[in-house]
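**Q** Read in order, the letters of the sequence shown correspond to residues 20 to 322 in my numbering.
Glycine included, C-beta positions come from ideal geometry on N, C-alpha and C.
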Amino acid sequence: MSVEKQFEMMGIDGKQYGPLTESELRAYVSQGRANSETKIRRVGDESWQPLGNLLRIAAPKVVSQPQQLEAAVPSDTPLEVGLALSEGWQLFKEHAGMLVGAGAIFLGILTAAGLIGAVIPAAQLLVQGPLMGGLILMILKLSREGHAEVGDVFLGFQNYGWLLLVTVVQGAVIFAASIPGLIMLIIGAVMMTQESGEMGVGLMVGGGILMFVLMIPAVTLTNFALYLVADRRGTFGEAFLAGFKGAKKNFWGIFAMMIVIGLASMLGVITCGLGLLFTIPWSLAVMVKAYEQIFPLPADQSA
């Protein structure tokens, strides 16, 4: 009676698993836990080989370079904030290790770029959009396909130009919205150096409040532009317009989610910034679930 061959498998986390039989490996593939490029070796052997060589399966479809999809059409169904928060939390829990790791890469690169900014102005701006886009794409893959790789956080660099542009445009819109309040702040600061100190303080306080009030709609209405551009939902202009329409329909729901996320992020900052390793991927998981509600894929593209 022959003994079934046994194999060891190298997981995406760098750990070895096994021994596993050929039938168990096939089950891993069907569950999305392995693919044709996963490294395996027979127990006792030294050399690794692609799993596809053993199972005679073709390489998976390339999803790291997504094709342009149709322009997004915002759903008429109102955003369910509670559902987005619940599903986002569930998605984060299921893939916490990978998401925290990706968050660490994201924060590490942004921090390094910020330090380089002392020598190269706007260094952080040059990587922020593509990195954020890659993190969004990775979470979308986890939500849609159930699996992804930590390296997917760099997928945004394949669409570098548009993701950089959307970050610049978002920043410009938010800055433009803050100009009236900024003018009041400047006038107040000038008046404080003169004899009208009390009026200057009032103008500065009023200017700060006005900036905050005007920036809220600017941030909310442009929030999903980056998601749509990263997801390649139409041209740049179509994505920005769809993002505005979808956010306008669900303004208060998105605003409420931002308040919850903002409070959680404050806790992340209070813990010497370490909490951001959790709050950043969690908040993006929540926003991805909201994004999928507001901008559902057409039936022929969601399979």
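DSSP on Phe263, reduced to helix/strand/coil?
**A** Here residue 263 corresponds to residue number 244 of the sequence shown, with the count starting at 1. Helix.
**Q** At a Cβ threshold of 8 angstroms, is Met211 touching chain D?
**A** In the displayed structure, chain D is absent; only one protein chain is listed.
**Q** For Gln84, is the classification buried or exposed, using 16 other Cβ atoms within 10 angstroms of its Cβ as the cut-off for buried?
**A** Mapped onto the sequence shown, residue 84 falls at position 65. Caution applies to Gln84, whose pLDDT of 47 falls short of 50 and renders its modelled position unreliable; the value that the coordinates give is listed next. Exposed, by the Cβ-count rule.
**Q** For Gly37, does the three-state DSSP call read helix, strand or coil?
**A** In the sequence shown, the residue the question calls residue 37 occupies position 18. If DSSP states are grouped into helix, strand and coil, Gly37 belongs with the strands.
**Q** Find the nearest neighbour of Ile228 within the set Thr254, Glu217, Leu201 and Met151, judged by alpha-carbon distance.
**A** Residue mapping note: residue 228 aligns to position 209 of the sequence shown, counting from 1. Closest by alpha carbon: Leu201.
**Q** So who's on the other strand from Phe26, going by DSSP bridges?
**A** By 1-based counting over the sequence shown, the position of residue 26 is 7. Answer is Leu39 and Arg61.
**Q** Apart from the five residues on each side of it in sequence, which residues of its chain come closer than 7 angstroms, Cβ to Cβ, to Phe125?
**A** Here residue 125 refers to the residue found at position 106 of the sequence shown. Here the set comprises Leu150, Leu154, Val172 and Ile299.
**Q** Is Gln147 helix, strand or coil by DSSP?
**A** On the sequence shown, residue 147 is found 128 positions in, with the first residue counted as 1. In the structure shown, Gln147 sits in a helix (DSSP, three-state: H, G or I).
**Q** What's the gap between the Cα of Pro317 and the Cα of Ala258?
**A** Translated into the one-based positions of the sequence shown, residue 317 becomes position 298. Translated into the one-based positions of the sequence shown, residue 258 becomes position 239. If I take the Cα positions, the gap works out to 15 angstroms.
**Q** Does the segment 174-187 come within contact of the segment 213-227, defined as at least 3 CB pairs closer than 8 angstroms?
**A** With the cut-off at 8 angstroms, the segment 174-187 and the segment 213-227 do not touch.
**Q** Output needed for Val305: all residues of its chain with C-beta closer than 6 angstroms, excluding positions within five of it in sequence on either side, in chain order.
**A** Looking up residue 305 in the sequence shown gives position 286. Excluding residues within five positions, the ones whose Cβ falls inside 6 angstroms are Ala103, Leu104 and Gly107.
**Q** Taking Cβ to Cβ, would you say Leu174 is nearer than 8 angstroms to Gln147?
**A** Counted from its first residue, the sequence shown places residue 174 at position 155. Counted from its first residue, the sequence shown places residue 147 at position 128. The answer is no: Cβ separation not under 8 angstroms.
**Q** Whole angstroms are fine: how far does the CA of Ala283 sit from the CA of Gly101?
**A** As a first step, residue 101 must be located in the sequence shown, where it is residue number 82. As a first step, residue 283 must be located in the sequence shown, where it is residue number 264. If you take the alpha carbons of Gly101 and Ala283, they lie about 16 angstroms apart.
**Q** Can you give me the start and stop residues for the alpha helix (DSSP H) that Asn178 sits inside?
**A** Position 159 of the sequence shown holds residue 178. Here Asn178 belongs to no alpha helix (DSSP H), and DSSP marks it neither H nor E.
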